[in-house]
Every structure is written in structure tokens, then in C-alpha cells.
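Enquirer: Attaching a single structure in C-alpha cells format; questions to follow.
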Amino acid sequence: MKRYIAKNFKMKDLGSLKYFLGIKVSRSDEGIVLNQRKYALKLIEDIGLKGAKSVVTLLEQNQKLTTTKFGETLQSKNDDEVLADATIYQRLIERLLYLTNTRPDIAYGMQHLSQFMQKPKKSHYEVTLRIVRYIKSNPGQGILFASDGILMLIAYYDPDWASCLMPRKSVTGYCIKLGSSLISWKSNKQRTISRTSTKTEYRSMASTIAELKWLQGLLGELGIKESKPDVIYCDSQAAIQIAANLVYHERTKHIEIDCHFVRESI
Numbered sequence: 025m026k027r028y029i030a031k032n033f034k035m036k037d038l039g040s041l042k043y044f045l046g047i048k049v050s051r052s053d054e055g056i057v058l059n060q061r062k063y064a065l066k067l068i069e070d071i072g073l074k075g076a077k078s079v080v081t082l083l084e085q086n087q088k089l090t091t092t093k094f095g096e097t098l099q100s101k102n103d104d105e106v107l108a109d110a111t112i113y114q115r116l117i118e119r120l121l122y123l124t125n126t127r128p129d130i131a132y133g134m135q136h137l138s139q140f141m142q143k144p145k146k147s148h149y150e151v152t153l154r155i156v157r158y159i160k161s162n163p164g165q166g167i168l169f170a171s172d173g174i175l176m177l178i179a180y181y182d183p184d185w186a187s188c189l190m191p192r193k194s195v196t197g198y199c200i201k202l203g204s205s206l207i208s209w210k211s212n213k214q215r216t217i218s219r220t221s222t223k224t225e226y227r228s229m230a231s232t233i234a235e236l237k238w239l240q241g242l243l244g245e246l247g248i249k250e251s252k253p254d255v256i257y258c259d260s261q262a263a264i265q266i267a268a269n270l271v272y273h274e275r276t277k278h279i280e281i282d283c284h285f286v287r288e289s290i
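Going by this note's numbering, the letters in the sequence shown line up with residues 25 to 290, in that order.
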């Protein structure tokens, strides 16, 4: 990789990288490991959770968080008050977002909680503290770039349909590996509302393929040739059938552009 980069950019070899912007770089026969253990431990200490009990799950099952506006719309009355100082929540979210550089396992939770930055409630802050306790269970967890493996891109995606209670937008989630090494991931709310889960699935497929094509271009610029065709895994039979079927139906007209894009790519 160093030789590939040196061909395209002026660079000076300063020896093996060990720390970079709070990220620890470790090398072994298995490959290169990136983690933010020191950063995570400092975060836990600053929040005052050094002696707190850790948890093994990111979020509680079926937990629903809503905005202040949503509560006002329903005219609900509860003890879930707005935080007096929103900056406490905002700073914590920003610090946790930086951890997603080496912790893709918290990406979904951070995508969800970052929606409430403007007017956070107590419930939002409590869930954020739970994520810190989850990180405490394994602060040194990171990602491995394996030294061996097949040079091919493998993508997995699984969207969450209409998971946002207001305004019922869906979430796109995917991860992409180069061989056995995770190199790209995303958890992001879709820009428009999907009336069906099929539409959500297909939009997520298009987004995943767009990232695959970008990675193909990057590898090509670095002179790396893939040994096998890329693979994308999908658990939606409806989305697979639309990708393979050249005939449009009434229920698929609203995703026609994505259909053309996916078919051209496969």
C-alpha cells in the first residue's frame, strides 16, 4: 500500500505509524488493527462512568425515542423533560461520533441519537450514557485489516423501514469488506419517505452499489486489481426480483431511476 501511495503523492517515510489523531495502530502477523482504546477510556472517565456497570447491548430492544415536537403534537404529558443545557448532550454525541471511525457497531445508535441535537430530552441523554456503558464493556474493540484474503469487494445491506416515528423515514445501513477486512460502513436516514419496504430495500441497494462503484474507482487509482467480481448480499426477495425483472410495474415506477442504476451495475 505504501508503494501504491508513493507513486501518486509526495511522501516521506517516518517509520511505522503507532498513533494518529487518537487512533492506535497495531501490527501483527494477522494484519493491522485500529482501535481508540485510550480515547474511549478518557471519554468514560470524563462522563463519570468509570465505576458504572457495563452493558453488552447497544440499545434496549424496541426502544422508541421521539423529538420534543412529536410529543407536543400528541399532547403527551410525561416526565421526559428537555435538558436544561443541550450542550452537554451535543458534546457527548460529537465525541461518540468520532469513535465510529473504528467502532462500526455503534454507528446505528449514533445515527439515531444525533437527530435530537437541537432539543435533546432526558431520555435521549440516558440512552447516550447507555452507549458509553456499552463501549465500557470492550473499550479496545476496533477493526482488523487482514494481511491475507481475496481481493474482492463484498457488501451487505439491511435497511430499517419507517423506523423514525416522525416523519416515518427509513434508515439505510450497509457494510463493505475487501476480502475479510471491513473498509466501509454507513447508517443514515433516507432523505424521502418510502411508502413500502420494497422501496426502502431498493434505495438501500442503490446506495450500497454507489459506494461499491466508488471503492472500485479508488482501488483502480491505486493500481489494485480485484481477483473476483464484487458481491452484494440482500435479504429482500422483492428487491432481488425487481433487479432481475426488466418489466416495470405500477408499484415500481417510483424507483425507476434506482432500477436503471442497479441493473446497469450488475
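All C-beta atoms in this analysis are idealised placements derived from N, C-alpha and C, irrespective of residue type, glycine included.
1) Please report how far the alpha carbon of M25 lies from the alpha carbon of K31, in whole angstroms.
2) In angstroms with no decimal places, state the Cα-to-Cα distance between I155 and E235.
3) Measuring alpha carbon to alpha carbon, tell me which of G173, S194 and I256 ends up nearest T220.
4) So the alpha helix (DSSP H) N32 belongs to, where does it begin and stop?
5) Determine whether the beta carbon atoms of P144 and L177 lie at a separation below 8 Å.
6) In angstroms, rounded to a whole number, what distance separates the CA positions of S204 and D104?
7) Which residues mark the beginning and the end of the beta strand (DSSP E) in which S208 is found?
8) What are the start and end residues of the alpha helix (DSSP H) that includes L168?
9) Per DSSP, which residues does S50 bridge with? Please list them.
10) Which value, in whole angstroms, describes the spacing of the CA atoms of Q135 and V57?
11) Got a sec, what are the start and stop residues for the beta strand (DSSP E) L202 sits in?
12) Would you mind sorting A268 into buried or exposed? The rule is 16 or more other CB atoms within 10 Å of its CB.
13) Say yes only if the C-beta of E150 is nearer than 7 Å to one or more non-hydrogen atoms of the ligand ADP, and no if none qualify.
14) Would you call R227 buried or exposed, if buried means 16 or more other Cβ atoms sit within 10 Å of its Cβ?
15) Identify, in the order they occur along the chain, each residue of the same chain with its Cβ nearer than 7 Å to the Cβ of E274, setting aside the five sequence neighbours on each side.
16) Tell me whether the beta-carbon of V79 lies closer than 8 Å to the beta-carbon of Y158.
17) Compute the Euclidean distance between the alpha carbons of L153 and Q240, then round it to the nearest angstrom.
18) How about S291 and Y198: are their beta carbons less than 8 Å apart?
19) Would you grab the beta carbon distance between I112 and L120 for me? Rounded to a whole angstrom, and I think it's under 8 Å.
20) Relative to the C-alpha of S18, which candidate in T91, D254 and K36 has its C-alpha closest?
21) I'd like the span of the beta strand (DSSP E) that includes V255, first residue to last.
22) Short check: CB of L116 to CB of I71, under 8 Å?
23) Compute the distance between the beta-carbons of C61 and K48, then report whether it is under 8 Å.
24) What does a CB cutoff of less than 6 Å around P128 pick up in its chain, not counting 5 residues either side in sequence?
Expert: Let's see:
1) 10 Å
2) 28 Å
3) For T220, the closest C-alpha among the options G173, S194 and I256 is that of S194.
4) Under the DSSP assignment, N32 falls in the alpha helix (DSSP H) whose first and last residues are K26 to N32.
5) Going by C-beta atoms, P144 is not nearer than 8 Å to L177.
6) 44 Å
7) S205 to K213
8) Premise fails: L168 lies in the beta strand (DSSP E), G166 to A170, not in any alpha helix (DSSP H).
9) V57
10) 24 Å
11) Per DSSP, L202 belongs to the beta strand (DSSP E) from V195 to L202.
12) A268 should be labelled exposed.
13) The ligand ADP is absent from the structure shown, which contains no ligand whatsoever.
14) buried
15) At E274 the pLDDT is 44, less than 50, meaning the model places this residue with poor confidence and gives no usable figure here.
16) yes
17) 38 Å
18) Outside the shown range of the chain, which is 25 to 290, sits residue 291, and nothing can be said about it.
19) Actually they do not touch by this definition, with Cβ atoms about 13 Å apart.
20) Residue coverage of the chain in this structure runs from 25 to 290, which leaves residue 18 outside it and unanswerable.
21) V255 to Y257
22) Closer than 8 Å, so yes.
23) The sequence as given places Arg at residue 61; Cys does not occur at that position. Their beta carbons are under 8 Å apart, which means R61 touches K48 by this criterion.
24) W209
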